[in-house]
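Please read the structure below before turning to the comments.
There are 2 protein chains.
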Amino acid sequence: MTESRGASSGPLGIVAGSGGLPRRVIEACHDAGREVFVLALEGEADRSTVDGVPHAWCRIGAAARGFGLLRANAVTELVLAGAVHRPSLSALRPDWRAAKFFARVGYRALGDDGLLSAVVKELEREGFQVIGVDDLLEADALLPAGPLGQLQPDAQAAADIEHGLRLARALGALDVGQAVVVQQGLVLGVEAIEGSDGLLRRCGALRRAGPGGVLVKTAKPAQEQRVDRPTIGAHTVMLAAEAGLRGIAAEAGATLVLDRAEVIRAADRAGLFVVGVAAP
Amino acid sequence: MTESRGASSGPLGIVAGSGGLPRRVIEACHDAGREVFVLALEGEADRSTVDGVPHAWCRIGAAARGFGLLRANAVTELVLAGAVHRPSLSALRPDWRAAKFFARVGYRALGDDGLLSAVVKELEREGFQVIGVDDLLEADALLPAGPLGQLQPDAQAAADIEHGLRLARALGALDVGQAVVVQQGLVLGVEAIEGSDGLLRRCGALRRAGPGGVLVKTAKPAQEQRVDRPTIGAHTVMLAAEAGLRGIAAEAGATLVLDRAEVIRAADRAGLFVVGVAAP
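In order, the protein sequences belong to chains A and B. Once you know that position 32 of the first sequence is 33 in my numbering, the rest is easy, because the numbers rise by one and skip nothing. Once you know that position 2 of the second sequence is 3 in my numbering, the rest is easy, because the numbers rise by one and skip nothing.
Next comes the structure, spelled out in structure tokens:
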């Protein structure tokens, strides 16, 4: 956490989705002596995320209640952390405040990556300052260029990575997903709403004989970097190993690594490479 | 089957992959009094496909043996029918003739849709005439524009179809897949190597609350129409219903319908629409 952030009064507001990232942000704040208030999204955040931390639970569609909770807890600075399953309009049940937002951006934004940018703009319009997760985590939270662990891609894997990068960027531009699995030039799977974990879980059954494939992740070209960075962790490495992959390639300087030391240990133990690559 | 086809001497060669299409082609030939010889691809064609029909089994990578079998059975005219799981190079185990082919088109073609065009060219170079499945089936084998059964898409479904068509065409241009599932603007899944059946099987668990989604299939822009048309059958309708979808939209004039009457019955019974739409 940089010094300048400490200047803000009141606790940091953390809007918490699923996965381990929100808890990491909470711990980074604790280490830096910064108070937090967590707005835990129902059906998304884990119970363990908010253990022993000031928090309230809130439905995604209950925007008025969410804004009220943040203000009542003196939050002026906000971070959005963790994954959120995109709801359908029917599941969202928007309150008057959420409905007002959608009246402006259009309900079709629900299926659109532009939605996140619109949400950030809306939060800023309400007077909150929205910062990126990587401003709060340790300096090595972003994936550097080159291999993280002991292994490196061979020529076949490098060709698969190149193919995967080209595809992942094009798919990102279509606002579909940000990950693909490529094995010996064959596209085993493409991420949509199921997320990278879901993609990896089904690719094991689709693998072909011979050298295993590669998971390739990139940031979407239009991605709102403050709220939706591609993320990898030891969990990703384990799922990739279970799917018979040989490694993971992700966009250097744009991908969040959850606990780099743990990712390196998991990769070296499983015999996988994890490599930061430049976007095409 | 048109009259002009009857002029060709010798049996029609049918290179049979998986699914019900090869058997339909065999039956259409029987109805038209045309002899057939089936080259059944190991690991792909069903045993029931070749029941009571002159045939031989052949490994995909055993091109020399395949050519030999076709010639030994006096085949000069060929049709490729049914799906083929793309093998990795290791699984392919190419014989000298297949290796010669790949030496020309490059092994990377394995991951490329251009592969099918190259295979057709290679067959023609060997002196075979390759015809399209739809030249052999009844005149109503191609999906017409408009709804097939009693139901039609409503405004929400029409919006999902429009979104899906745009995506499916773009994905096709990337040589990934030719099908997507869209629900209320959300892209639930994108087809890659798992095929449309695999896509439908996983989309049930991904569905959101409210009106169900739509399966949208298009021909790839560069698709070799003689050998790899998008196909739907009663089986597709059943899987779509199980996934909680409200209907299927596919490219009119380019999609093969396996037994139209059966598809209509299945759709009306399950309460799904099946609609032929113009490509964007």
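Glycine included, every Cβ here is placed at the ideal spot set by N, Cα and C.
Rounded to whole angstroms, the separation of the alpha carbons of Ala210(A) and Leu201(B) is 25 Å. For the segment 180 to 212 of chain B, the set of positions with a beta-carbon nearer than 7 Å to some beta-carbon of chain A reads Gln184, Gln185, Gly186, Leu187, Val188, Leu189, Gly190, Val191, Ala193, Ile194, Glu195, Arg203, Leu207, Arg209, Ala210 and Gly211 in chain order. Among the residues facing chain A, Arg261(B) is not included, as its CB has no counterpart in that chain under 7 Å away. Sequence-ordered contacts of the segment 63 to 93 of chain B with chain A read Arg87, Pro88, Ser89, Leu90, Ser91 and Ala92 [C-beta pairs closer than 7 Å]. By the CB criterion at 7 Å, Leu273(A) and Ala242(A) fall inside the cutoff. The C-alpha of Ala280(A) is placed about 16 Å away from the C-alpha of Pro154(A). Against Ala171(A), the close residues of chain B are Ala171 and Leu175, in the order they occur along the chain (beta-carbon pairs closer than 8 Å). The beta carbon of Val51(B) is closer than 6 Å to those of Val39 and Ala41 in its chain, skipping five residues each way along the sequence. Ala180(B) and Ala169(B) have their C-alpha atoms roughly 6 Å apart. Taking the CA atoms as reference points, Val228(B) sits about 20 Å from Val188(A). For chain B, the residues of the segment 144 to 171 of chain A that bring a beta carbon within less than 8 Å of one of its beta carbons are Ala160, His164, Leu168 and Ala171, in chain order. Annotation: the continuous alpha helix (DSSP H) that includes Ile27(B) extends over Leu22 to Asp32. Phe129(A) and Gly254(B) have their C-alpha atoms some 53 Å from each other.
Contact check for Leu124(B) and Val80(B): beta-carbon distance about 11 Å, past the 8 Å limit, so the pair fails to qualify. Taking a contact to require three or more Cβ pairs closer than 8 Å, the segment 260 to 269 of chain B and the segment 161 to 175 of chain B do not qualify as touching. Per DSSP, Leu200(A) is one residue of the alpha helix (DSSP H) stretching across Gly196 to Cys204. Taking all protein chains shown into account, Asp161(B) has 16 or more neighbouring C-beta atoms within 10 Å of its C-beta and is therefore buried.
Scanning its chain for C-beta atoms nearer than 8 Å, with the 5 sequence neighbours on each side dropped, one finds around Val177(A) the residues Val191, Glu192 and Ala193, in chain order. Exposed is the label assigned to Arg126(A), since fewer than 16 other Cβ atoms lie within 10 Å of its Cβ.
For Pro231(B), the closest alpha carbon among the candidates Ala75(B), Ala206(B), Ile265(B) and Gly196(B) is that of Gly196(B). Comparing alpha-carbon positions, the option among Ala119(B), Pro12(B), Gly20(B) and Val76(B) lying closest to Gly34(B) turns out to be Pro12(B). When only Cα atoms are considered, Gly62(B) and Leu152(A) end up about 33 Å apart.
Boundaries of the beta strand (DSSP E) harbouring Val183(A): Ala180 to Gln184, taken from the DSSP string. For Gly67(B), the enclosing alpha helix (DSSP H) has its first and last residue at Ala64 to Ala73. Here DSSP, grouped into helix, strand and coil, assigns Leu13(B) to strand.
Going by DSSP, Glu163(A) is part of no beta strand (DSSP E) but of the alpha helix (DSSP H) stretching over Ala156 to Ala174. In the DSSP assignment, Pro148(B) is bridged to Val276(B). Inclusion of Glu43(A) and Arg60(A) in the CB contact set at 7 Å is warranted, their separation being smaller than that value. With fewer than 16 other CB atoms across the displayed protein chains lying within 10 angstroms of its CB, Gly147(B) is exposed. Restricting attention to Glu78(B), Ala29(B), Gly14(B) and Val275(B), the CA atom closest to the CA of Ala57(B) is found in Gly14(B). In the DSSP assignment, His236(A) falls within the alpha helix (DSSP H) that extends over Ala235 to Glu243. With a 10 Å radius around the Cβ and a threshold of 16 neighbouring Cβ atoms, His164(A) comes out buried.
Taking C-beta separations shorter than 7 Å and ignoring five residues to either side along the sequence, the partners of Pro212(A) in its chain run Gln157, Gln185 and Arg247, following chain order.
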